[in-house]
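Structure first, commentary second.
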Amino acid sequence: MKPVQRKIIHCDCDCFYASVEMRDDPRLREVPLAIGGQADQRGVIATCNYVARKFGVRSAMPTSQALKRCPDLVVMRPNMEKYRLASRTILDIYRDYTDLVEPLSLDEAYLDVSSTKQLHGSATRIAQEIRQRIFKDVGITVSAGVAPNKFLAKIASDWNKPDGMYVILPEQVEGFVKQLEVARLFGVGKVTASKLHQLGIRTCEDLLQWSLPDLLKQFGKLGASLFSLCRGIDERAVVPSHVRKSVSIEETYTRDLLDFQHCIAELPMLYASLQKQVERTGSANLIHKLNIKIRFNDFKQTTVECRANQLDQQIFADLLQIGYQRKQLPVRLIGLGISLCEEKSDEQLPLF
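Following my numbering, the numbering of the sequence shown begins with 23 at its first residue and continues without gaps.
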């Protein structure tokens, strides 16, 4: 039997922390923005938007140095809970397509879609749809790389950043890898790159001239990895970290919903969308809680949840009313979701 051609997607959110802040305050999109510690506390930059990068501001740079390069830089402290919430929504989207999701951090992950049947099994179409859904549901952009292995997929995701995608087909691997600088190979840091350059090795095409014994002699175990990578070979599997714990959908409105009646009018469409997601993920028998999220036009957010073991539109309506009454302001986003338990229980759960 012919082995299944591996189809790996690497998704990487563009300047993730900064993107979430710009989503919540659009005024920040046009100014140089960095997320990190304060200069007077020896803080460093965690990430920055692309406006700031034009001034030479970079991740891991001391905040004091960043401010010297860009005196108008707006520096915000990280809001990790907000970023974790966005990350969970993104991971739920990934898991709608495959259970083989390996998060590397809050803002990037590998997906193995080799056996996925959705979208006719096209990794390219899956990556496109994922990027569209994240932009629609989370409000940030994601760059993606599609390739036959993890090494190439990660490089491809960086090829057309920001808000881009690059696909490396199996028949393109050899030509693509030859042009790569050795500094881009997995496991090659500054010290190893410098040593490779001293040996006259600057590209993978140069590295192809070296035998496995010679590379092992020069670089030890890393030599075996270099021998494989310069040929586009990477057998590492995508290792999922944990099972799905929730399913959710949300809608950000171009025009604020002015009152509760406008909000409740949106519920049937939102509920139908959640039903499709629950059906797609096969999670109907694992429902543990129902929840609703509301973001008001002042960008403040509230959530309401209750225990339940099945979908119920009326319960969502009740939760929506409870959440809306907390501020009674125009609404810019509504989300519906479910929390999942590990096993189906025969216990009848109370609704509230």
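Built from N, CA and C at the ideal position, the CB exists for glycine as well.
If you ignore the 5 residues before and after A68, its C-beta comes within less than 7 Å of the C-beta of Y39, I57, G58, S81, P100, all in its own chain and listed in chain order. An exposed status is given to V213, since fewer than 16 other beta-carbon atoms sit within 10 Å of its beta-carbon. Between G167 and Q140, the alpha-carbon positions lie close to 18 Å from each other. A Cβ-Cβ distance of about 6 Å is found for the pair L248 and F241, placing them in contact under the 8 Å criterion. Per DSSP, reduced to three states, the secondary structure at L279 is strand. Distance check between D281 and each of L362, Q343, V135 places Q343 closest, using alpha-carbon atoms only. Straight across, the Cα-Cα distance linking E301 with S268 is about 13 Å.
Contact holds between the stretch 33-51 and the stretch 175-185, because three or more Cβ pairs, one in each stretch, are under 8 Å apart. S81 sits in coil when the DSSP states are folded into three classes, being neither helix nor strand. I356 and E273 do touch by the CB rule: their CB atoms are close to 6 Å apart, below 8 Å.
Only residues of its own chain outside the window of five on either side were considered, and among them K311, N313 have a CB closer than 6 Å to the CB of E327, listed in chain order. Per the DSSP secondary-structure output, L355 pairs in a beta bridge with T274, R317. As computed with DSSP, A74 is found in no beta bridge at all.
If you compare the alpha carbons of Y72, L237, K104, P170 with that of P184, the shortest gap goes to Y72. Boundaries of the alpha helix (DSSP H) harbouring I148: 145-159, taken from the DSSP string. Where E327 is concerned, the enclosing beta strand (DSSP E) starts and stops at 323-329.
By the CB criterion at 8 Å, D134 and T120 fall inside the cutoff.
Following the DSSP letters along the chain, one finds P262 in no alpha helix (DSSP H), marked with neither H nor E. Looking at the backbone, the Cα of W232 and that of C226 are separated by about 10 Å.
G78 sits close to R91, with the two beta carbons spaced by under 8 Å. Note on A246: under 16 other CB atoms within 10 angstroms of its CB, so exposed under the neighbour-count rule. The closest CA to that of P170, considering only Y346, T276, G254, is found on G254.
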